[in-house]
Amino acid sequence: EVDECSRPNRGGCEQRCLNTLGSYKCSCDPGYELAPDKRRCE
Numbered sequence: 171e172v173d174e175c176s177r178p179n180r181g182g183c184e185q186r187c188l189n190t191l192g193s194y195k196c197s198c199d200p201g202y203e204l205a206p207d208k209r210r211c212e
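Sequential numbering of the sequence shown, starting at 171, is according to my numbering.
Right, dumping it as structure tokens:
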């Protein structure tokens with residue numbers, strides 16, 4: 171399995187990247203919400 175979060179662009183996530191089995195997802199710092207593109211935080 172590739173850890174997308176360990177790559178320089180963190181899987182394209184703006185703030186946080188969470189590695190999951192076979193995939194990954196982005197998350198945001200407290201006080202921010204994940205934008206509709208599931209990558210940026212607002």
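Think of the CB as a built atom: it goes at the ideal place given N, C-alpha and C, for glycine as much as any other residue. Predicted, not measured: the structure shown is a model, and the values here were computed from it.
6 Å CB neighbourhood of residue i in its chain, flanking five on each side removed
| i | result |
| --- | --- |
| N189 | D173 and C175 |
| R186 | S197 |
Per-residue DSSP class, three states only, for residue i
| i | result |
| --- | --- |
| R209 | coil |
| C175 | helix |
One or two residues paired with residue i in a DSSP bridge
| i | result |
| --- | --- |
| L204 | C211 |
| C196 | C187 |
From the options, residue whose alpha carbon lies closest to that of residue i
| i | options | result |
| --- | --- | --- |
| R217 | K195, G201 and D199 | Shown here, the chain extends from 171 to 212; a query on residue 217 therefore has no answer. |
| G201 | C211, G192 and S193 | C211 |
| E203 | E184, S193 and L191 | E184 |
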